[in-house]
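**Student:**
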Amino acid sequence: NACLGCAQASCELREARRLAGYRLQARLGAGGMNEVWLAWDDAHERDVALKILHDRPSEAVARRFEREAEALRALSSPHTVRVLDFGASDDGVRFLAMERLVGIDLERLVREGGPMPPARAVHLARQACSSLGEAHRAGIVHRDVKPSNLFLSMGERGDHLTVIDFGI
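Position 91, counted from 1, in the sequence shown is what this note's numbering calls 96; the numbers after and before it change by one each time, with no gaps.
Right, here's the structure in full:
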């Protein structure tokens, strides 16, 4: 029994916070149709952002979710969030595992820090256009371009923008 040596309630809680091969760690956000969790990928020993579709979606919503996953996997821009895996758990919960990004979305950045210098804004806009241009050439339309879906990571090489949540 996997629960030997620990309280039954904590084992049940730990198991309840698992989805397929992922261990849910913390909820990062929620939308009308899904939630995004920080999760641990047991198979690849890495953190991922796990987008989980709410229970019992309509067939049209489920198909759109799968199309988003398949379409994003085909894109290679370094400014488009990478899809690592997608599927459904044994009980039918649909999920999409994406690279975990560390940083801040542009909505929060501007809300907390105020307007950014024009040169930085242009630099970030070019990166967003790189992602969206590749997607458009592939026939993919981002249905929800807004500052909260533009994610900024700041590293040794400067600002790196990633377009997230295509909501195809």
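Built from N, CA and C at the ideal position, the CB exists for glycine as well.
1. With DSSP run on the structure shown, which of helix, strand or coil describes residue 168?
2. Under a Cβ-count criterion, where at least 16 other Cβ atoms within 10 Å of its own Cβ denotes burial, should residue 81 be classed as buried or exposed?
3. Where does residue 88 fall in DSSP's three states?
4. Measuring only the C-alpha atoms, how far is residue 25 from residue 124?
5. Is the beta carbon of residue 102 less than 7 Å from the beta carbon of residue 55?
6. For residue 34, which of helix, strand or coil comes out of DSSP?
7. Measure how close the beta-carbons of residue 79 and residue 133 come, nearest whole angstrom, since I'm counting them as under 8 Å.
8. Tell me whether residue 127 is buried or exposed, calling it buried when 16 or more other Cβ atoms sit within 10 Å of its Cβ.
9. For residue 41, which residues does DSSP report across the bridge?
10. For residue 62, which residues from the same chain have a beta carbon less than 8 Å from its beta carbon, with the 5 sequence-adjacent residues on both sides left out?
**Tutor:** With the structure as the only source:
1. strand
2. exposed
3. strand
4. 44 Å
5. yes
6. strand
7. Wrong, their Cβ atoms sit about 19 Å apart, outside the cutoff.
8. exposed
9. 34, 56
10. 38, 70, 99
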